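Numbering (our numbering), first residue to last: 1364 to 1460. Ideal Cβ positions, reconstructed from N, Cα and C, are used throughout, including at glycine. None of the values given here were measured: they were computed from a predicted structure. Report on the structure given below.
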């Protein structure tokens, strides 16, 4: 996969997750609550949200898993790195998710 090239599956799953996050943010807004990170459809930028989510949730989890299951380090961590490169290449191309 070339990082700047569109990845339909990556985009599909990102959009599905963000739809769920935004539904939560809509409910939080409706109830007058503080909107959770990445849940504000008016403010969330897709590339930046994905970079943060990968760096703070996904990647650390898989790094630990790779210590127990070395194949994860060989096969999954490189995909995570390619996804980070993809999203980094998307920054500035889209205003909000």
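Using a Cβ-Cβ cutoff of less than 7 Å, which residues in the same chain neighbour residue 1447 once the five nearest sequence positions on both sides are dropped?
1414, 1417
Can you give the beta carbon distance from residue 1429 to residue 1420, rounded, assuming they're within the 8 Å contact cut?
With 8 Å as the limit, residue 1429 and residue 1420 do not qualify as a contact, their Cβ atoms being about 15 Å apart.
Can you tell me where the alpha helix (DSSP H) with residue 1422 in it begins and where it stops?
1422-1431
Does the separation of the CB atoms of residue 1384 and residue 1401 fall below 7 Å?
Yes, these two residues count as a Cβ contact at 7 Å.
Distance, Cα to Cα, residue 1449 vs residue 1394?
Distance between the alpha carbons of residue 1449 and residue 1394 is about 35 Å.
With burial defined as no fewer than 16 other Cβ atoms inside 10 Å of the residue's Cβ, what is the status of residue 1378: buried or exposed?
exposed
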